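Notes for the one structure printed next.
Residue numbers (the numbering used here): 83 to 273.
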């Protein structure tokens, strides 16, 4: 880890405001994995975002926008996030979203296949569209028209925008995690 975790007692006023907002959001929307240390430090991507609020605050606003009343089914979102995390080999993202995917009822075999960078054969139609879209987007280039059309037909324009934005956000999350070499929390499975 390249950035030590910030203690709540050492935060600047700008960081404190962001910390309070992030902590509230984490406690409300990000359950099932460790994101706050026992001493109140924010882990995962939140620590670098908190350390550099000029960049972290706008990213946090996007996180909140994509977390508030999502239109896509939760398993569909998790498939897209896992594809993105697996592409970047972002350890913390994979750790957190494997646990969330399990809570969303996605079978372990499907999760394992996705995190290994492969396409499961038993995806639902919605999951398949999310997988194909995320896979195409993280591979670079223009999203193929057929995948875009399938997404619009299944999720509508707003759902497709949510899916594209979700993949983009988790690319940013993955790059942040990898850039700062953010590990999974001590005592977590696989640690």
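Every residue gets a Cβ at the ideal spot worked out from N, C-alpha and C, and that includes glycine.
This one's a predicted model, so the numbers in the text were calculated from it and none came from an experiment.
| message | By the DSSP assignment, the alpha helix (DSSP H) with residue 137 in it spans what residues? | response | Taking the first residue of the chain shown as position 1, residue 137 is located at position 55. Its alpha helix (DSSP H) spans residues 135-149.
| said: Any contact between the stretch 116-129 and the stretch 191-208? By contact I mean 3 or more CB pairs, one from each, below 8 Å. | reply: With the cut-off at 8 Å, the stretch 116-129 and the stretch 191-208 do not touch.
| Nearest to residue 155 by alpha carbon, out of 263, 112, 245? | For the purposes of this step, residue 155 is identified with residue 73 of the chain shown, where counting begins at 1. The shortest Cα separation from residue 155 among 263, 112, 245 belongs to 245.
| query | Where does residue 118 fall in DSSP's three states? | reply | The sequence position of residue 118 within the chain shown is 36, counting from 1. Assigned with DSSP and collapsed to three states, residue 118 falls in strand.
| query | Are the CB atoms of residue 197 and residue 164 nearer to each other than 9 Å? | reply | For the purposes of this step, residue 197 is taken as residue 115 along the chain shown, with counting starting at 1. For the purposes of this step, residue 164 is taken as residue 82 along the chain shown, with counting starting at 1. Cβ atoms of residue 197 and residue 164: closer than 9 Å.
| task | State the Cα-Cα distance for the pair residue 187 and residue 207, rounded to the nearest angstrom. | result | In the chain shown, residue 187 corresponds to position 105, counting from 1. In the chain shown, residue 207 corresponds to position 125, counting from 1. Take the alpha-carbon of residue 187 and the one of residue 207: they are about 16 Å apart.
| What residues in its chain sit with their C-beta under 8 Å from that of residue 265, if we drop five residues either side in the sequence? | Position 183 of the chain shown, counted from the start, is the residue given in the question as residue 265. Answer for residue 265: 83, 173, 174, 273, listed in chain order.
| said: Taking the alpha helix (DSSP H) that residue 230 belongs to, which residues open and close that run? | reply: In the chain shown, the residue the question calls residue 230 occupies position 148. Following the DSSP letters along the chain, one finds residue 230 inside the alpha helix (DSSP H) bounded by residues 227-261.
| field | Best match in 241, 150, 176 for proximity to residue 270 [C-alpha to C-alpha] | value | The count along the chain shown starts at 1 and reaches residue 270 at position 188. Nearest option by C-alpha distance: 176.
| query | Quick one, are the C-beta atoms of residue 170 and residue 257 less than 9 Å apart? | reply | Here residue 170 is taken as the residue at index 88 of the chain shown, counted from 1. Here residue 257 is taken as the residue at index 175 of the chain shown, counted from 1. Yes; because the gap between Cβ atoms is below 9 Å, this pair is in contact.
| task | Taking residue 157 as part of the alpha helix (DSSP H), name the residues at either end of that continuous run. | result | As a position in the chain shown, residue 157 is number 75, starting the count at 1. Looking at the DSSP string, the run of the alpha helix (DSSP H) that includes residue 157 is 156-170.
| message | Are the CB atoms of residue 121 and residue 94 within a distance shorter than 9 Å? | response | Within the chain shown, the letter at position 12 stands for residue 94. Within the chain shown, the letter at position 39 stands for residue 121. No, the pair does not count as a contact, with Cβ atoms beyond the cut-off.
| query | Helix, strand or coil: how does DSSP classify residue 124 here? | reply | Start at 1 with the first residue of the chain shown, and residue 124 comes out as number 42. Secondary structure at residue 124: strand, using DSSP grouped into helix, strand and coil.
| message | As a quick exercise: from 262, 263, 243, 261, pick the residue whose alpha carbon is nearest that of residue 148. | response | Residue numbering aside, residue 148 sits at position 66 when the chain shown is read from its first letter. For residue 148, the nearest C-alpha among the options comes from 243.
| If you draw a straight line from the C-alpha of residue 184 to the C-alpha of residue 190, how long is it? | Position 102 of the chain shown holds residue 184. Position 108 of the chain shown holds residue 190. For the pair residue 184 and residue 190, the Cα-to-Cα distance works out to about 7 Å.
| said: Between the alpha carbons of residue 168 and residue 219, how many angstroms are there, rounded? | reply: As a working note, residue 168 is residue 86 in the chain shown. As a working note, residue 219 is residue 137 in the chain shown. Near 13 Å, if we compare the C-alpha coordinates of residue 219 and residue 168.
| task | State the DSSP-derived secondary structure class of residue 220, mapped to helix, strand or coil. | result | Stepping through the chain shown from its first residue, residue 220 is reached at position 138. The three-state secondary structure of residue 220, taken from DSSP, is helix.
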